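In what follows, a structure is listed as structure tokens, so that the remarks can point back to it.
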Amino acid sequence: MHPLGVYVHFPFCLQKCGYCDFVSYETAPAAAGSGATLAAIDHEAYADAVLAELDARAAGLEGYALASVFFGGGTPSLWEPRALGRVLDAVRRHFGAAGAPPEVTVECNPSSLDGDRARALVDVGVDRLSVGVQAVDDARLRHLGRLHSADEARATLREVRAAGVPRLSADLIYAVGDQTPASAAADARELADLGVDHVSAYALIVETGTRFGELARRGRLPLADDGAMVESFFAVDAALAEAGLEHYEVSNFARPGERARHNVGYWRGDDYLGLGCAAYGTLAQAGGAMRWRNVLDPARYAAAARGATPLAPAAEGGVVATVEALDAETRLRERIMLGLRMRDGLDLAEAAAAVGCEPWPRERARAAERLVARGRLVREGDRLRVPHEAYVWVDDTAAALF
Amino acid sequence: MPATPRLVRNFSIIAHIDHGKSTLADRILEFTGALSQRESREQFLDKMDLERERGITIKAQAVRLAYKAKDGETYQLNLIDTPGHVDFSYEVSRSLAACEGALLVVDATQGVEAQTLANVYLALDGNLEIVPVLNKIDLPSADVDKVKQQIEDVVGLDCSGAIAASAKTGIGIEEILEAVIARVPPPRGQDPDAPLRALVFDSWYDSYRGAVVMLRVVDGTVRKGQKVRFIATQAECEITEMGMFAPFPIAFDALGPGEVGFIAGNIRSVHDTKIGDTVTDAAKPSKLSLPGFKDVKPMVFAGIFPTDSAQFEDLRDALSKLRLNDAAFVFEPDSSEALGFGFRCGFLGLLHMEIIQERLEREYSLDLITTAPSVVYKVYKTDGSVMDVENPSRLPPLQVIDRIEEPIFKVVIHVPATYVGAVLALCEERRGIQKGIQYATSDRVIITYDLPLGEVLFDFHDRLKSASRGYASMDYELVGYRADDLIKLDMLVNGDPLDALSLIVHREKAYQRGRDLSSKLKEIVPRQQYEVAIQAAIGSKVIARETVRAMRKDVTAKCYGGDISRKRKLLEKQKEGKRRMKQVGNVEIPQEAFLAILKID
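These protein sequence lines map, in sequence, to chains A and B.
According to the numbering used here, the first sequence holds residues 38 to 439 in order.
According to the numbering used here, the second sequence holds residues 185 to 785 in order.
This is the structure in structure tokens:
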């Protein structure tokens with residue numbers, strides 16, 4: 038049995054954040070007067086569409102053990118827990134009979150989460166919440182375009198903890214404008230003090246096509262320089278280490294036993310089934326793997342998922358917007374890129390055997406040698422990992438081993 | 185059965201790039217029925233892909249056509265194509281020597297260009313009958329009378345018999361063929377039993393036949409099975425195959441005086457069959473070689489290095505194969521502290537260099553670093569000896585140098601009168617010595633300068649084009665060597681000399697060059713994990729310094745299911761870029777850096 042992660046995308050938010058390049062659509066409350074015409078979310082209809090897609094996709098899948106389910110977005114905490122629960126039940130029915138119970142995570146925003154909502158989610162089977170706190174400072178939250186204040190974020194975390202959510206994670210964005218490393222560390226420390234088990238900390242990346250991207254292009258966004266970013270990276274790392282959270286992936290920290298199993302699946306190169314509008318999925322198949330992405334428009338997605346041929350390309354009335362075939366070499370490159378992000382690194386021989394190709398062509402062996410000499414990489418037999426202090430070079434290191 | 189010389193005409197076409205030579209050749213092939221329209225893929229005579237892409241003829245070709253003229257006789261026409269670039273002017277001169285006449289094709293919308301003129305002079309020197317053809321008369325901007333007048337003024341050619349034509353639409357093609365019959369004389373030297381003398385005007389390597397030689401018989405007869413000798417190279421072979429292209433190959437057993445054809449006989453390489461050499465009978469050799477043979481010497485040298493040192497042997501194989509087919513190309517092993525093991529290669533000129541480089545990368549899939557080209561300097565030492573230095577990093581220590589001489593080219597530039605000032609300024613800036621300014625017409629000027637080749641190499645042509653909005657054309661030839669105040673400029677990266685970037689430069693220009701080169705390198709060398717110092721130095725004296733700031737991180741973005749493809753593609757691209765980088769000490773230097781000198785102005 039191969040482990041399988043299931044990702045369900047919920048493409049709606051109350052308001053789009055300035056830095057966000059995920060597929061999400063602002064819904065009625067905040068969009069009034071913005072010129073966009075947005076209907077209120079039809080919770081059950083979206084669930085029905087996802088269920089229709091699930092039925093179609095699950096029909097051909099065998100030999101998988103459900104390891105995790107992740108509701109991402111958008112803001113899935115806006116989704117009626119009952120509707121979300123129907124999707125979760127169906128996923129478990131299709132894959133989840135055997136083995137340990139899967140990890141079930143829902144991404145939440147403090148503005149759409151309280152104790153009642155948390156309890157309702159736990160009741161339908163959710164055991165982990167990932168809360169988009171992003172900052173514990175009002176000015177910075179406003180700058181980022183968040184709808185909550187620092188106090189609201191603190192209150193939400195406390196309520197959620199009290200509501201009996203078994204596992205709790207919070208997101209943090211640092212190196213925002215002229216933010217100092219000390220301020221980034223203070224934010225991280227406060228999250229740890231509030232009792233979260235897991236922190237995802239991201240340096241602010243300005244993506245094109247976002248409001249921040251547009252501001253930056255016009256030179257109107259204060260940006261942190263490389264040096265400040267690196268100092269913040271290590272300041273956050275030190276603060277969380279002191280609070281007992283291990284830096285187990287470039288952007289992720291966890292108390293012992295609290296690593297995000299769903300995300301670890303991505304970094305190991307496990308298969309994942311994407312469901313919902315704009316979701317990505319990747320499944321192994323003879324000689325390689327297939328990656329696809331669903332259409333980005335929610336209405337179009339819903340119609341196609343419930344149509345006669347849900348798994349057809351979008352042009353033929355299905356949900357599939359793009360397809361990418363991955364050969365064995367490409368899959369191994371991905372496993373290197375992803376595996377090196379983890380503290381434990383990867384066993385290259387194992388990864389190569391799993392995808393069916395040569396682990397050590399001459400060029401890669403030589404590149405590894407050079408990287409080791411420069412302190413960028415540690416090699417123990419076939420196991421490769423990036424030393425902690427060289428984390429900030431991990432992409433370049435991975436590229437050198439491609 | 186050799187043809188009656190009376191019914192043979194050998195001619196070629198002289199034209200500037202883009203003036204329509206290849207289209208005209210195609211149209212002639214079609215008109216005589218040698219090629220159906222369907223077969224005449226665009227521009228049949230340009231055989232190699234590269235030529236097709238660049239629109240330049242690199243190797244000469246010859247085609248035999250049968251033409252039934254208005255006088256009722258069927259003539260054998262041999263159309264001998266000539267290479268269209270100044271790097272190959274010697275080959276042009278030999279192709280012309282195989283002809284009795286030439287069509288001078290001039291674009292009726294553009295007028296005469298420098299390169300055309302150079303080739304017309306070559307043709308006139310060879311006593312060829314020249315038939316002016318004004319092409320592209322179908323275009324509204326064509327001005328036949330003005331261009332005729334210009335040809336008369338500039339070339340000194342009677343244009344009363346000029347033919348107005350359009351290779352594109354087919355106007356004038358028959359008149360052109362009739363003019364070839366009537367005006368181009370039949371071949372001279374008509375004794376089929378005289379000792380054999382034939383002129384080699386092209387040769388190429390074919391993996392089945394060995395070197396294939398295009399020749400023009402001057403005296404005597406060449407036959408299949410005959411043992412022949414190449415007088416200059418002393419190579420001998422027995423002819424196993426002979427024939428001609430019409431345009432597809434046809435075989436025959438003998439070629440008589442005045443005829444054109446190819447021979448093959450397991451000759452190992454084109455170095456045995458040099459263009460301009462004379463083929464004679466091995467048993468009954470003629471004592472006299474045909475005039476005009478020149479052993480062409482490369483003028484421009486550059487280092488070619490594999491990015492991955494493991495490709496050294498592959499590179500050697502590829503260079504050897506290219507050399508089989510290119511008598512003007514030379515190479516020898518070279519090593520550089522910065523670039524490791526590679527080869528020093530010699531070319532006729534910059535275009536020749538680009539062609540070879542592109543073929544190595546395209547046909548042999550090699551990742552290469554090519555250093556900036558250098559000319560050959562003559563270094564006179566204090567002990568009285570002279571050495572040729574074609575690699576600046578090999579310049580002997582200053583104290584043993586008496587003087588350095590550099591190759592000087594006579595450069596002839598044709599330019600509209602409006603741009604004369606800008607062109608003169610450019611030539612002066614490049615250390616030129618003015619030799620003449622001649623008004624060809626009231627608005628066309630011919631400027632002649634003696635310029636150091638080293639100055640012509642570095643983006644002179646681009647600068648000339650931009651100084652004249654694209655209207656200037658130029659031609660050049662070596663006239664000799666001249667001493668000047670030349671010194672060696674070194675570039676250092678974190679204190680390590682980049683020997684491949686050393687250059688020999690005039691003292692007065694050294695400071696500017698050093699500063700420009702440092703700041704260009706600063707742009708090109710990517711930020712690394714530590715500061716990188718870039719310095720320019722003369723001897724031990726640093727004359728310019730730039731610093732590439734350290735890069736502290738690459739990226740630490742999130743990476744989940746939806747990010748994987750995008751990120752992987754980004755890293756794949758990054759890796760591809762790195763492939764072209766060379767590690768110098770601790771610093772990764774991209775290929776571009778080694779050509780930085782070409783990019784400053």
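Cβ atoms here follow ideal geometry from the backbone N, Cα and C, with glycine treated the same way.
As the structure is a computational prediction, the values presented were derived from the model and not from experiment.
Using a Cβ cut-off of 8 angstroms, pull out every chain A residue sitting near leucine 213(B), in sequence order please. Mapped onto the second sequence, residue 213(B) falls at position 29. The premise fails here: leucine 213(B) is roughly 47 angstroms from chain A at the closest Cβ pair, so nothing lies under 8 angstroms.
Residue ranges of each beta strand (DSSP E) run of no fewer than 3 residues wholly in the stretch 588 to 656 of chain B, ordered along the chain? The beta strand (DSSP E) runs of length 3 or more contained entirely in the stretch 588 to 656 of chain B are, from start to end of the chain, 617 to 623 and 628 to 636.
At a cut of 8 angstroms, does the stretch 320 to 340 of chain A reach the stretch 357 to 373 of chain A through at least three beta carbon pairs? Contact holds between the stretch 320 to 340 of chain A and the stretch 357 to 373 of chain A, because three or more Cβ pairs, one in each stretch, are under 8 angstroms apart.
Evaluate glutamate 497(B) with the Cβ neighbour count: other Cβ atoms within 10 Å of its Cβ, from every protein chain shown; 16 or more gives buried, anything less gives exposed. Residue 497(B) sits at position 313 when you count from the first residue of the second sequence. By the 10 Å Cβ count, glutamate 497(B) comes out exposed.
Going along chain B in order, which residues have a C-beta closer than 7 angstroms to the C-beta of glutamate 371(A)? Taking the first residue of the first sequence as 1, we reach residue 371(A) at position 334. Ile748 and Arg752, listed in chain order.
Within 8 angstroms (strictly less), CB to CB, does glycine 393(A) reach chain B? Translated into positions along the first sequence, residue 393(A) becomes position 356. Between glycine 393(A) and chain B, the shortest Cβ-Cβ separation is not below 8 angstroms.
Listed in chain order, which residues of the stretch 209 to 242 of chain A have Cβ atoms closer than 8 angstroms to some Cβ of chain B? Ser237, Tyr239, Ala240 and Ile242: these are the residues of the stretch 209 to 242 of chain A whose beta carbon lies less than 8 angstroms from some beta carbon of chain B, given in chain order.
Would serine 288(A) pass as an interface residue toward chain B - the criterion being a Cβ-Cβ separation below 8 angstroms? Position 251 of the first sequence holds residue 288(A). Interface residue, yes.
Hey, how far is the Cα of lysine 468(B) from the Cα of aspartate 461(B)? Stepping through the second sequence from its first residue, residue 468(B) is reached at position 284. Stepping through the second sequence from its first residue, residue 461(B) is reached at position 277. The alpha-carbon atoms of lysine 468(B) and aspartate 461(B) are separated by roughly 17 angstroms.
Using only alpha-carbon positions, find the residue among Tyr695(B), Gln696(B), Gln713(B) and Ile718(B) that is nearest to leucine 705(B). Counting from 1 along the second sequence, the entry for residue 705(B) is found at position 521. For leucine 705(B), the nearest C-alpha among the options comes from Ile718(B).
Minimum C-alpha distance to serine 473(B) - residue among Val463(B), Gly285(B), Phe272(B) and Val480(B): Here the question's residue 473(B) lines up with position 289 in the second sequence. Per the Cα distances, Val463(B).
Taking only the alpha-carbon atoms, compute the straight-line gap between arginine 507(B) and alanine 348(B) and give it to the nearest angstrom. Here the question's residue 507(B) lines up with position 323 in the second sequence. Here the question's residue 348(B) lines up with position 164 in the second sequence. Our two residues, arginine 507(B) and alanine 348(B), have alpha carbons roughly 42 angstroms apart in a direct line.
Report buried or exposed for aspartate 215(A), applying the criterion of at least 16 other Cβ atoms within 10 angstroms of its Cβ. Locating residue 215(A) in the first sequence gives position 178, where the first residue counts as 1. By the 10 Å Cβ count, aspartate 215(A) comes out exposed.
Alpha helix (DSSP H) containing leucine 550(B): first to last residue? Numbered from 1 along the second sequence, position 366 holds the residue referred to as residue 550(B). Where leucine 550(B) is concerned, there is no enclosing alpha helix (DSSP H), because DSSP gives it neither an H nor an E.
Using the Cβ count rule (16 or more neighbours within 10 Å means buried), how would you classify proline 475(B)? Reading the second sequence from its first residue, position 291 is the one you call residue 475(B). When all chains shown are included, proline 475(B) counts as exposed.
Spatial neighbours of alanine 351(B) within its chain, please: CB distance less than 6 angstroms, with the 5 preceding and 5 following residues excluded, ordered by chain position. In the second sequence, residue 351(B) corresponds to position 167, counting from 1. Only Gly204, Thr207, Leu208, Arg211 and Asn319 meet the Cβ criterion.
Helix, strand or coil for histidine 235(A), going by three-state DSSP, please let me know. Counted from its first residue, the first sequence places residue 235(A) at position 198. It is a strand residue.
Neighbourhood of aspartate 375(B) by C-beta distance below 8 angstroms, restricted to the same chain and skipping five residues each side: By 1-based counting over the second sequence, the position of residue 375(B) is 191. Annotation for aspartate 375(B): Asp403, Gly404 and Pro441 place their beta carbon closer than 8 angstroms to its own, counting only its chain and skipping 5 residues before and after.
Just to confirm, is the Cβ distance from phenylalanine 107(A) to tyrosine 44(A) under 8 angstroms? The sequence position of residue 107(A) within the first sequence is 70, counting from 1. The sequence position of residue 44(A) within the first sequence is 7, counting from 1. Yes.
Selection from Leu377(A), Asn289(A) and Ser206(A) that minimises the alpha carbon distance to threonine 142(A): Here residue 142(A) refers to the residue found at position 105 when the first sequence is read from its first residue. When Leu377(A), Asn289(A) and Ser206(A) are compared, the shortest CA-CA separation from threonine 142(A) is found for Ser206(A).
Excluding the 5 residues flanking arginine 786(B) on each side, which residues of the same chain have their C-beta closer than 7 angstroms to its C-beta? Outside the displayed span of chain B (185 to 785) sits residue 786(B), for which this structure offers no information.
According to DSSP, which residues form a beta bridge with leucine 103(A)? Against the first sequence, residue 103(A) aligns to sequence position 66. Answer is Leu41(A), bridged to leucine 103(A).
Secondary structure of arginine 420(A), DSSP reduced to three states: Taking the first residue of the first sequence as 1, we reach residue 420(A) at position 383. Note: arginine 420(A) maps to strand in three-state DSSP.
Neighbourhood of asparagine 770(B) by C-beta distance below 8 angstroms, restricted to the same chain and skipping five residues each side: Locating residue 770(B) in the second sequence gives position 586, counting from the first residue. Hits under 8 angstroms: Asn678, Gln712 and Tyr714.
How would you list, in chain order, the residues of chain B whose beta-carbon sits under 8 angstroms from the beta-carbon of leucine 375(A)? The residue labelled residue 375(A) in the question sits at position 338 within the first sequence. Within chain B, the residues near leucine 375(A) are Cys743 and Ile748.
Cβ atoms of methionine 428(B) and glycine 445(B): under 8 angstroms apart, would you say? As a working note, residue 445(B) is residue 261 in the second sequence. As a working note, residue 428(B) is residue 244 in the second sequence. Between glycine 445(B) and methionine 428(B), the gap from beta carbon to beta carbon is short of 8 angstroms.
Can you list the residues of chain B that arginine 378(A) reaches, using a CB-CB cut of under 9 angstroms? What you label residue 378(A) is simply residue 341 of the first sequence in a count that begins at 1. In chain order: Cys743.
I'd like to know if glycine 201(A) contacts chain B, where contact means its C-beta is closer than 8 angstroms to some C-beta of that chain. Locating residue 201(A) in the first sequence gives position 164, counting from the first residue. Taking Cβ atoms only, chain B never reaches closer than 8 angstroms to glycine 201(A), which makes this a no.
In angstroms, rounded to a whole number, what distance separates the CA positions of isoleucine 540(B) and valine 423(A)? Position 356 of the second sequence, counting from 1, holds the residue named residue 540(B). Position 386 of the first sequence, counting from 1, holds the residue named residue 423(A). Cα atoms of isoleucine 540(B) and valine 423(A): separation of roughly 42 angstroms, rounded to the nearest angstrom.
Among Gly487(B), Val629(B), Ala486(B) and Val397(B), which one has its Cα closest to the Cα of isoleucine 447(B)? Position 263 of the second sequence, counted from the start, is the residue given in the question as residue 447(B). Out of Gly487(B), Val629(B), Ala486(B) and Val397(B), Val397(B) has the C-alpha closest to the C-alpha of isoleucine 447(B).
is_contact[alanine 275(A), chain B] using C-beta, thresh 8 angstroms: Here the question's residue 275(A) lines up with position 238 in the first sequence. No, alanine 275(A) lies away from the interface with chain B (no Cβ there is under 8 angstroms from its Cβ).
For isoleucine 459(B) and glutamate 661(B), which I take to be in contact (beta-carbon distance under 8 angstroms), what is that distance rounded to the nearest angstrom? Translated into positions along the second sequence, residue 459(B) becomes position 275. Translated into positions along the second sequence, residue 661(B) becomes position 477. Actually they do not touch by this definition, with Cβ atoms about 17 angstroms apart.
Along chain A, which residues have their Cβ under 7 angstroms away from the Cβ of leucine 755(B)? One-based indexing of the second sequence puts residue 755(B) at position 571. Close to leucine 755(B), with beta-carbon spacing below 7 angstroms, are these residues of chain A in chain order: Met374, Asp432, Ala435, Ala436 and Phe439.
Going by CA-CA distance only, name the one from Ile321(B), Ala363(B) and Pro576(B) that's closest to threonine 353(B). Numbered from 1 along the second sequence, position 169 holds the residue referred to as residue 353(B). For threonine 353(B), the nearest C-alpha among the options comes from Ile321(B).
So who's on the other strand from tyrosine 744(B), going by DSSP bridges? Translated into positions along the second sequence, residue 744(B) becomes position 560. Tyrosine 744(B) is not bridged to any residue.
Could you have a look at methionine 327(A) and say whether DSSP puts it in helix, strand or coil? Translated into the one-based positions of the first sequence, residue 327(A) becomes position 290. The three-state secondary structure of methionine 327(A), taken from DSSP, is strand.
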